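K.L.:
Supplied in structure tokens, the structure appears directly below.
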Amino acid sequence: MAEPLLLALDQGTTSTRAILFDAKGRALAEAGRPLQQFYPQDGWVEHDANEIYEASVAVLREAVQKAARRMEEVAAIGVTNQRETVVLWDRATGEPVHKAIVWQDRRTAGVCDRLRARGMEGRVTEVTGLLLDPYFSGTKLAWLMDNVPGARERAKAGELLAGTIDAWVIWKLTGGRVHATDATNASRTLLFDIRKQAWSEEMLELFEVPAGVLPQVRDCAADFGETEPAILGRAVPIRGVAGDQQAALMGQGCIRPGEMKATYGTGCFMLINTGETAAPSRSRLLTTVAARVAGRTTYALEGAIFIAGAAIQWLGEGLGVGGGPQAAERLAASARPDHGVVLVPAFTGLGAPWWDAGARGAIFGLTRDAGLAEISQAAFDACALQTRDLIEAMRADAPEAFHGAVELRIDGGMSRSAWFSQRLADLTGIGVCRATYQETTALGAALFAGLGAGVYSTLEEAAAARPTTEGYAPEIGAGRREAAYARWLDAVARVRT
-11 MAEPLLLALD
-1 QGTTSTRAIL
9 FDAKGRALAE
19 AGRPLQQFYP
29 QDGWVEHDAN
39 EIYEASVAVL
49 REAVQKAARR
59 MEEVAAIGVT
69 NQRETVVLWD
79 RATGEPVHKA
89 IVWQDRRTAG
99 VCDRLRARGM
109 EGRVTEVTGL
119 LLDPYFSGTK
129 LAWLMDNVPG
139 ARERAKAGEL
149 LAGTIDAWVI
159 WKLTGGRVHA
169 TDATNASRTL
179 LFDIRKQAWS
189 EEMLELFEVP
199 AGVLPQVRDC
209 AADFGETEPA
219 ILGRAVPIRG
229 VAGDQQAALM
239 GQGCIRPGEM
249 KATYGTGCFM
259 LINTGETAAP
269 SRSRLLTTVA
279 ARVAGRTTYA
289 LEGAIFIAGA
299 AIQWLGEGLG
309 VGGGPQAAER
319 LAASARPDHG
329 VVLVPAFTGL
339 GAPWWDAGAR
349 GAIFGLTRDA
359 GLAEISQAAF
369 DACALQTRDL
379 IEAMRADAPE
389 AFHGAVELRI
399 DGGMSRSAWF
409 SQRLADLTGI
419 GVCRATYQET
429 TALGAALFAG
439 LGAGVYSTLE
449 EAAAARPTTE
459 GYAPEIGAGR
469 REAAYARWLD
479 AVARVRT
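Taking our numbering, the leading residue of the sequence shown gets -11, the next gets one more, and so forth.
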């Protein structure tokens, strides 16, 4: 009997991709389509939900074809998606009533400010684990209800449905038979009680969202129906769903308390598994669902760094360091030891744990013999030192998760650099494990699907299919590390508003 294959749909902010995996977690083929962004006003970001669905179908077909395999060999599909992006559509026609509002969209900042002024943020955080920010789905959905003519009345009458991108794609793939999301995506909406694992009537009332539009919340490894046979040539089971960062957590095998991962792209998302404890954060991190499998919910603390790889991009665009990231890395590696230059890349403010939108970037410690090499190294170091900020915040919020050996599992563009991986270990003081296969988000979705389809019998068996890693241990002394961190904290204090 041929080994079962797992097909992952990775619907992201700038592209839609599909990757076909075997049961050992090895990628066999992939396909992708770019995704157009729409910017109707300053701070507004939208996607065409129909374009997302059509691209999803195309890449699912293409990935299987590229591998020269048959759709009959695919045991299940796993879906992972850009979190917080929301769609509202007509139940009867299947047509969106407005473009999807993307997680980056800031149009509801005023609503969040007013609720914060009313003193509501504490209660919102207590129930949902999140902060009052337009980043999340709840205020976006309320905006659609208020600004699409007749939407609220139609929603109350049961004529409209809503959901994050996973729910939209599943509804379309199943021919409208399944309106469901998973617990990780639900936990990013501002509408979900993360401890009761149910939509919160209190939050629905606060954000004025009719309960009837929302999808059913299921486990990450569960039955999400089957695709319409005509779409992919046969009815393919959909058995796994998770938001992108939680899928990457699974793809990195972080299924036990204390296991953590960081994904370095333009920014950085870092999550630590806190087990069955939804640890409240005193450091303004997010408390979120890591996974829900067989009815058992595990949680994570999450922190976001706004500027990671974007700081390296700025070296080229802003300072004229040519040759791309590799050239910037070579320049950074040539810097004088202990030069003392610190770059705070607060180009769009500071993320967790500072949450200072008014902060702006600055360079400190310049001397006559400091040049582009030292500034370049400071840009790479800023990514590592911001990671240290998150580690310290997580250590304060969930000290029990830091017992025993601690390591940080990394993926994303910057992790491809062995030099940066070593620098990260040096400046954080913990071991770093770099994934040799970078597409851990898609892999995580495939592993959840394999678990839901019975390809794997346990969560541990599924997680064992994660990619091999290369390890980096700290090589500099504690004195140098702490001096560098002290300079960083002093610089951050100087740019904060």
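Where a beta carbon is used, it is the ideal one built from N, C-alpha and C, also for glycine. Since this is a predicted model, take the numbers as computed values, not measurements.
I'd like the span of the beta strand (DSSP E) that includes Arg376, first residue to last.
P.N.:
Working through the sequence shown from its first residue, we reach residue 376 at position 388. Segment 360 to 385 is the alpha helix (DSSP H) holding Arg376; no beta strand (DSSP E) there.
K.L.:
Within the chosen definition, does the region 157 to 172 reach the region 192 to 208 through at least 3 CB pairs nearer than 8 Å?
P.N.:
Output reads yes: the region 192 to 208 touches the region 157 to 172.
K.L.:
Among Leu354, Gly346, Phe257, Trp91, which one has its Cα closest to the Cα of Ile379?
P.N.:
Start at 1 with the first residue of the sequence shown, and residue 379 comes out as number 391. Answer by Cα proximity: Phe257.
K.L.:
With distances taken from CA atoms, which of Ser322, Gly231, Pro268, Tyr252 is nearest Ala279?
P.N.:
On the sequence shown, residue 279 is found 291 positions in, with the first residue counted as 1. Measuring from the Cα of Ala279, the nearest candidate turns out to be Gly231.
K.L.:
Tell me the residue span of the alpha helix (DSSP H) that contains Tyr41.
P.N.:
Within the sequence shown, the letter at position 53 stands for residue 41. From DSSP, the alpha helix (DSSP H) with Tyr41 extends over 37 to 54.
K.L.:
Indicate whether Leu48 and Leu(-7) have their beta-carbon atoms separated by less than 8 Å.
P.N.:
On the sequence shown, position 60 is the one that residue 48 refers to. On the sequence shown, position 5 is the one that residue -7 refers to. Going by C-beta atoms, Leu48 is not nearer than 8 Å to Leu(-7).
K.L.:
Below 7 Å CB to CB, which residues in the same chain sit around Cys242 once its five sequence neighbours on both sides are set aside?
P.N.:
Position 254 of the sequence shown, counted from the first residue, corresponds to residue 242. Only Met248, Lys249, Asn261, Arg397 meet the Cβ criterion.
K.L.:
Alpha carbon to alpha carbon, how far is Glu470 from Leu435? Give it in angstroms, no decimals.
P.N.:
Walking along the sequence shown from the start, residue 435 turns up at place 447. Walking along the sequence shown from the start, residue 470 turns up at place 482. Computed Cα separation, rounded: 39 Å.
K.L.:
For Glu362, count neighbouring C-beta atoms within 10 Å of its own C-beta (all shown protein chains included) and say buried if the count is 16 or more, exposed if not.
P.N.:
As a first step, residue 362 is located in the sequence shown; it is residue number 374 there, counting from the start. It counts as buried.
K.L.:
Which value, in whole angstroms, describes the spacing of the CA atoms of Glu52 and Arg58?
P.N.:
Taking the first residue of the sequence shown as position 1, residue 52 is located at position 64. Taking the first residue of the sequence shown as position 1, residue 58 is located at position 70. Checking the sequence shown, residue 52 turns out to be Val, not Glu. Approximately 7 Å, taken between the alpha carbons.
K.L.:
Buried or exposed: Thr492, going by 16 or more other Cβ atoms within 10 Å of its Cβ?
P.N.:
A query on residue 492 cannot be resolved here, the shown segment of the chain reaching from -11 to 485 and no further.
K.L.:
Would you mind listing the alpha helix (DSSP H) stretches within the region 190 to 270 that are 4+ residues and don't spill past its ends, in chain order?
P.N.:
With a minimum length of 4 residues, the continuous alpha helix (DSSP H) runs that stay inside the region 190 to 270 are 217 to 220, 232 to 239.
K.L.:
Buried or exposed: where does Asp78 fall if 16 or more other Cβ atoms within 10 Å of its Cβ makes it buried?
P.N.:
Walking along the sequence shown from the start, residue 78 turns up at place 90. The residue in question, Asp78, is exposed, as its Cβ has fewer than 16 Cβ neighbours within 10 Å.
K.L.:
Taking 8 Å as the cut-off, decide whether the C-beta atoms of Ala292 and Pro333 are in contact.
P.N.:
The residue given as residue 292 occupies position 304 in the sequence shown. The residue given as residue 333 occupies position 345 in the sequence shown. Cβ atoms of Ala292 and Pro333: not closer than 8 Å.
K.L.:
Please classify Ile153: does DSSP put it in a helix, a strand, or coil?
P.N.:
Mapped onto the sequence shown, residue 153 falls at position 165. In the structure shown, Ile153 sits in a helix (DSSP, three-state: H, G or I).
K.L.:
Identify whether Asp121 lies in helix, strand or coil by the three-state DSSP scheme.
P.N.:
The count along the sequence shown starts at 1 and reaches residue 121 at position 133. In the structure shown, Asp121 sits in coil (DSSP, three-state: anything other than H, G, I, E or B).
K.L.:
Exposed or buried, which one is Ser322 when buried takes at least 16 other CB atoms within 10 Å?
P.N.:
Taking the sequence shown and counting its residues from 1, the one referred to as residue 322 is at position 334. Exposed.
K.L.:
Excluding the 5 residues flanking Leu148 on each side, which residues of the same chain have their C-beta closer than 8 Å to its C-beta?
P.N.:
Translated into the one-based positions of the sequence shown, residue 148 becomes position 160. So the list reads Leu76, Trp77, Asp78, Arg79, Val85, Ala139, Arg142, Val201, once near-sequence residues are dropped.
K.L.:
Grouping DSSP H, G and I as helix and E and B as strand, with all else coil, what is Ala171?
P.N.:
Stepping through the sequence shown from its first residue, residue 171 is reached at position 183. Three-state DSSP puts Ala171 in a helix.
K.L.:
Locate the alpha helix (DSSP H) running through Asp414, then write down its first and last residues.
P.N.:
Within the sequence shown, residue 414 is the residue found at index 426, counting from 1. Its alpha helix (DSSP H) spans residues 406 to 416.
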